[in-house]
Amino acid sequence: MVAFKVPGMTCGGCAASVRRALGAVAGVEGVEIDLESKDVRVDGAPSADALRTALDKAGFEAEGLPVA
16 MVAFKVPGMT
26 CGGCAASVRR
36 ALGAVAGVEG
46 VEIDLESKDV
56 RVDGAPSADA
66 LRTALDKAGF
76 EAEGLPVA
């Protein structure tokens with residue numbers, strides 16, 4: 016499990032984009048998003064770099080995501 020914040024999520028559409036982008040990463044088994052707090056929890060064993068790349072491509076940045 017990896018938990019971090021995505022401060023750029025401001026609406027349901029943003030949350031859906033983040034969920035779609037992260038859900039496509041190898042090793043992701045599930046994505047939980049709390050839009051109000053901007054918290055994201057990814058279940059599974061994805062690499063932090065792959066998560067960061069997916070978010071970058073979707074136009075979002077992560078706070079608190081481990082750096083490899």
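Take the sequence shown: its position 64, counted from the start at 1, is 79 in the working numbering, and no numbers get skipped. Yeah, the Cβ is synthetic: ideal placement off N, Cα and C, and Gly gets one too. Please read all numbers here as calculations on a predicted model, not as lab measurements.
Span of the beta strand (DSSP E) around residue i
{"i": "residue 20", "result": "17-20"}
Same chain, Cβ closer than 8 Å to residue i, five either side skipped, listed in chain order
{"i": "residue 39", "result": "69"}
{"i": "residue 46", "result": "33, 34, 37, 38, 55, 56, 57 and 58"}
{"i": "residue 76", "result": "21, 22, 23 and 70"}
DSSP state of residue i mapped onto helix, strand, coil
{"i": "residue 74", "result": "coil"}
{"i": "residue 55", "result": "strand"}
{"i": "residue 28", "result": "helix"}
{"i": "residue 66", "result": "helix"}
Residues bridged to residue i (per DSSP)
{"i": "residue 47", "result": "56"}
Chain-order list of residues whose beta-carbon lies under 6 Å from that of residue i (same chain, five-residue window excluded)
{"i": "residue 18", "result": "56"}
{"i": "residue 61", "result": "40, 42 and 43"}
{"i": "residue 65", "result": "40"}
Near the ligand HEM: residue i beta-carbon under 7 Å from a heavy atom
{"i": "residue 58", "result": "Summarising the ligand content, the structure contains no ligands, and the ligand HEM is consequently not present."}
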